[in-house]
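Position one of the sequence shown corresponds to residue 41 (this note's numbering), numbered consecutively onward.
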Amino acid sequence: MKWLNRIFGKHEIPSTVAFNEIDVWLDVASKSLFRGLSSNAEQLYKEIRDIRERLEQHTSELQDAEPDENMPAQIAKVGLTSRDKLVKHLRSVTEKISIPSQTDYKTVLSFYRITAPSIAFVFDKSSKTLFHVRSLFSDEVKEVVSDLKQLRTALDQLITPIKRKERQIMNLERVPEIVKEIKELKSRIEKEKEKVCEKEEECSALKMRIETEGKRLSAIEEEEEWMRFKELETELSSLKEELNALESDVGKLFSPINKALSLLKKQDESGRHTLTPEVRKAIASILSSPIQVLDEDINKFLRSIANTIEEDASILKDRKRDGTLKWIKHLLNSDLSSIKGKHDGLQSRIEENKGKLSELTILKDRKEIEQSIVSAKGQLTRLLDTIDQAKRHIVSLEGQLRGKEQLLLGALEGIADKKIDVEFEFGT
41 MKWLNRIFGK HEIPSTVAFN EIDVWLDVAS KSLFRGLSSN AEQLYKEIRD IRERLEQHTS
101 ELQDAEPDEN MPAQIAKVGL TSRDKLVKHL RSVTEKISIP SQTDYKTVLS FYRITAPSIA
161 FVFDKSSKTL FHVRSLFSDE VKEVVSDLKQ LRTALDQLIT PIKRKERQIM NLERVPEIVK
221 EIKELKSRIE KEKEKVCEKE EECSALKMRI ETEGKRLSAI EEEEEWMRFK ELETELSSLK
281 EELNALESDV GKLFSPINKA LSLLKKQDES GRHTLTPEVR KAIASILSSP IQVLDEDINK
341 FLRSIANTIE EDASILKDRK RDGTLKWIKH LLNSDLSSIK GKHDGLQSRI EENKGKLSEL
401 TILKDRKEIE QSIVSAKGQL TRLLDTIDQA KRHIVSLEGQ LRGKEQLLLG ALEGIADKKI
461 DVEFEFGT
């Protein structure tokens, strides 16, 4: 601040300023740009106050004045109506002349902008009214006009130090808003960076959790119970494959008579030939599931079907009839009961293995760990997306910040008419 104080005493605009001291710089710059404004304003405030008092007095005198008795009635009527309008406006003018206590350029300019238009209104848009009033009260109007002209002159003298500096004034008024926007952007950037740090810490925790759960999973897979589980699982898979193969073989074993049985079924359904309930059941069972029909008296089923075909030669054509009977005989000579026993044995072993597997708790533990890992990886992915979005937002905000900083430099240089270096709080 010492350098600012030294320069302040000389009323010179500094070429370098810290961002957090721009308000002091603006004060120095305004005093440098508007030298003599304060003393000039103090003097003219007193003069304007005196003129306002005289104008109030002369306005009252105008209000109380009486027209000449010889004045034509029509002229008097117009003049009196115009006087009322003029008096109303003059009192509005004096009410607006509220002498400020400050003498800085903002206060002076604001005071001028409020007061000057009302005075100009009398000479411009109210000139006709003024003319009509003058025709009745020339002396009083002369005093009022004199006061208004003095006011106008004093106001012009008041802003003389400000004239031709509209560009600097515009920049002086822009700077505080730009500074505010820069501070808001910096605050938003800091908040976004804090959020990124928090999310990155969460990511680190999740990565550690995934690593820890992975180690637990590896440890489980090295335990003896897990080895037993894998053996049972492999054995169960092998038994299921063997069972499927056996069921497929059984299906193939009965497939040569399927077409003949289907034809018998259709003839029965159409009423062409009526099958006995026993034969109907036998055919339906074989066509539905050959492996399940082994649970029935399969030989009895086959014999009843063969008897039906033999008793009625019209049921099947000779070639189909002979082939079907021949294959049924082959089936009767096959050891179907051993196939059934093997099938039951495989099913029993499968159920036994399932029971053993269900007793093992290690699979549940492993699934819980795997689910934990999957959940953590999902959270990690979402967090990384959030971090990526936040970082892109930070880049966008930093771009906006650089733009605002350039606007600030331009505004400061527009005030000082020279290059200005701003020491920002942190790099961009």
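Cβ atoms here follow ideal geometry from the backbone N, Cα and C, with glycine treated the same way.
One or two residues paired with residue i in a DSSP bridge
| i | result |
| --- | --- |
| valine 462 | Val57 |
Segment limits, alpha helix (DSSP H) that includes residue i
| i | result |
| --- | --- |
| leucine 315 | Here leucine 315 belongs to no alpha helix (DSSP H), and DSSP marks it neither H nor E. |
| isoleucine 409 | 402-456 |
| lysine 247 | 206-260 |
| serine 72 | 62-73 |
| asparagine 298 | 298-310 |
| proline 490 | The chain is shown from 41 up to 468; residue 490 falls before or after that span and cannot be answered. |
Cβ-Cβ separation, residue j to residue i (assumed contact under 8 Å), whole Å
| i | j | result |
| --- | --- | --- |
| leucine 73 | lysine 205 | 6 Å |
| isoleucine 209 | leucine 448 | About 17 Å separates the two Cβ atoms, so there is no contact after all. |
| serine 302 | leucine 342 | In fact, because the Cβ distance is near 16 Å, the residues do not count as touching under 8 Å. |
| leucine 293 | isoleucine 323 | The pair is not a contact, with the Cβ atoms about 16 Å apart (cut-off 8 Å). |
| isoleucine 427 | valine 236 | 6 Å |
| valine 148 | leucine 77 | 7 Å |
| alanine 81 | leucine 198 | 6 Å |
| isoleucine 345 | isoleucine 331 | Their Cβ separation, rounded to whole angstroms, is 18 Å, which puts isoleucine 345 and isoleucine 331 out of contact at 8 Å. |
| leucine 195 | alanine 156 | 5 Å |
| leucine 365 | isoleucine 349 | 6 Å |
| isoleucine 137 | arginine 92 | 5 Å |
| threonine 99 | valine 185 | In fact, because the Cβ distance is near 12 Å, the residues do not count as touching under 8 Å. |
| asparagine 393 | glutamate 275 | 6 Å |
| isoleucine 62 | valine 215 | 7 Å |
| leucine 20 | isoleucine 222 | Since the displayed the chain opens at 41 and closes at 468, residue 20 lies outside it and no answer follows. |
| isoleucine 409 | isoleucine 260 | 7 Å |
| leucine 126 | threonine 169 | 5 Å |
| leucine 246 | glutamine 419 | 6 Å |
As assigned by DSSP and simplified to three states, the class of residue i
| i | result |
| --- | --- |
| serine 374 | coil |
| glutamate 135 | helix |
| lysine 340 | helix |
| glutamate 52 | coil |
| leucine 176 | coil |
| methionine 41 | Here methionine 41 scores only 46 on pLDDT, less than 50, and its place in the model is too uncertain to base an answer on. |
| glutamine 97 | helix |
| asparagine 347 | helix |
| isoleucine 390 | helix |
| lysine 168 | helix |
| aspartate 108 | coil |
| threonine 121 | helix |
| glycine 76 | coil |
| threonine 200 | coil |
| serine 288 | helix |
| glycine 395 | helix |
| lysine 360 | helix |
| serine 141 | coil |
| serine 277 | helix |
| leucine 334 | coil |
| serine 186 | helix |
| alanine 329 | With the sequence shown as reference, residue 329 is identified as serine, and alanine is not the correct amino acid for it. In the structure shown, serine 329 sits in coil (DSSP, three-state: anything other than H, G, I, E or B). |
| leucine 195 | helix |
| arginine 46 | Any reading at arginine 46 must be qualified, since the residue scores a pLDDT of 47, below 50, and its modelled position is unreliable; the value itself is stated next. Arginine 46 falls in the helix class under three-state DSSP. |
| glutamine 114 | helix |
beta-carbon residue i near the ligand ZN non-hydrogen atom, thresh 7 Å
| i | result |
| --- | --- |
| serine 158 | The model depicted lacks the ligand ZN and carries no ligand whatsoever. |
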